[in-house]
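Chemist: So in the numbering used here, spot 3 of the sequence shown is number 506, and the numbers just go up one at a time. Note that the Cβ used here is the ideal one computed from N, Cα and C, for glycine as well. None of these values were measured; they are calculated from a predicted model.
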Amino acid sequence: MESGKTDFSVDFGERIDFSMIPVENMSWKSYLEKHKGQYEPSNQKSEQYSIYAFTQFLHIGIDHMISSDSVLRICKLCGGYFRIKYSSSQEYCTRLYRDTKAACNEYASRKSYKEKLFQHPIHQEFTKAYNKLYGRIRRGKLPADTPLMDQLKKLHDEYYEKYENTHHKDREEVWKKYIEKNKELLA
Numbered sequence: 504m505e506s507g508k509t510d511f512s513v514d515f516g517e518r519i520d521f522s523m524i525p526v527e528n529m530s531w532k533s534y535l536e537k538h539k540g541q542y543e544p545s546n547q548k549s550e551q552y553s554i555y556a557f558t559q560f561l562h563i564g565i566d567h568m569i570s571s572d573s574v575l576r577i578c579k580l581c582g583g584y585f586r587i588k589y590s591s592s593q594e595y596c597t598r599l600y601r602d603t604k605a606a607c608n609e610y611a612s613r614k615s616y617k618e619k620l621f622q623h624p625i626h627q628e629f630t631k632a633y634n635k636l637y638g639r640i641r642r643g644k645l646p647a648d649t650p651l652m653d654q655l656k657k658l659h660d661e662y663y664e665k666y667e668n669t670h671h672k673d674r675e676e677v678w679k680k681y682i683e684k685n686k687e688l689l690a
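1. Where does E594 fall in DSSP's three states?
2. Closer than 8 Å is the cut-off here; do at least three beta carbon pairs connect the region 672-689 with the region 623-631?
3. Please report the distance separating the alpha-carbon of W678 from that of E664.
4. With burial defined as no fewer than 16 other Cβ atoms inside 10 Å of the residue's Cβ, what is the status of F629: buried or exposed?
5. Per DSSP, what kind of secondary structure is I682 in: helix, strand or coil?
6. What did DSSP end up calling I565 once you bin it into helix, strand or coil?
7. Using the Cβ count rule (16 or more neighbours within 10 Å means buried), how would you classify Y600?
8. Could you tell me the distance, in whole angstroms, from the CA atom of E517 to the CA atom of S612?
9. Excluding sequence positions up to five away, which residues of its chain have a Cβ less than 8 Å from the Cβ of Q559?
10. Among residues of its own chain, excluding the 5 on either side of R639, which ones have a beta-carbon nearer than 6 Å to its beta-carbon?
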């Protein structure tokens, strides 16, 4: 059989054909003969090997990986091994993460964004004000269709933008103004 670099890696979204796995009674020679024409040879450099045992297959795969200067890393989210493709700073693989529909790299990106957002002082104040307002609505002190929720969100967006576009020295002043406006709105 012919093999190339692509025969030893599976990208995200590709499916493994489990019908290709040999049956217990089948010898490797008959298995390889059976599936010889399964895949068209690619335009890449290919080599032929006589494989009679799975360990030989693994040795050839590892040899290809070493000769192609592939770098393996451990995903910081799921702990699985993956081959670096895009950049040397890649920390997450492209496997689906646990029961989510997102790959580890997508999930980690969203997670770090949320963590940064919740550390933002304007967003922290917004969360406090939102929880106060929501508590009043749940207790029946305010109607559920109160326009205060929309006003609170608009105020957050406005001051978040101001805070981000202000020089670091003047940000505390913007933050204090936002707190005052929040208190006025909730009073």
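Modeler: Straight from the coordinates:
1. Three-state result, E594: coil.
2. yes
3. 11 Å
4. Answer is buried; the Cβ neighbour count reaches 16.
5. Helix, per DSSP.
6. helix
7. buried
8. With a pLDDT of only 42 at E517, under 50, the local geometry of the prediction cannot be trusted, and the value read off the model is given with reservation. If I take the Cα positions, the gap works out to 22 Å.
9. Y552
10. L645
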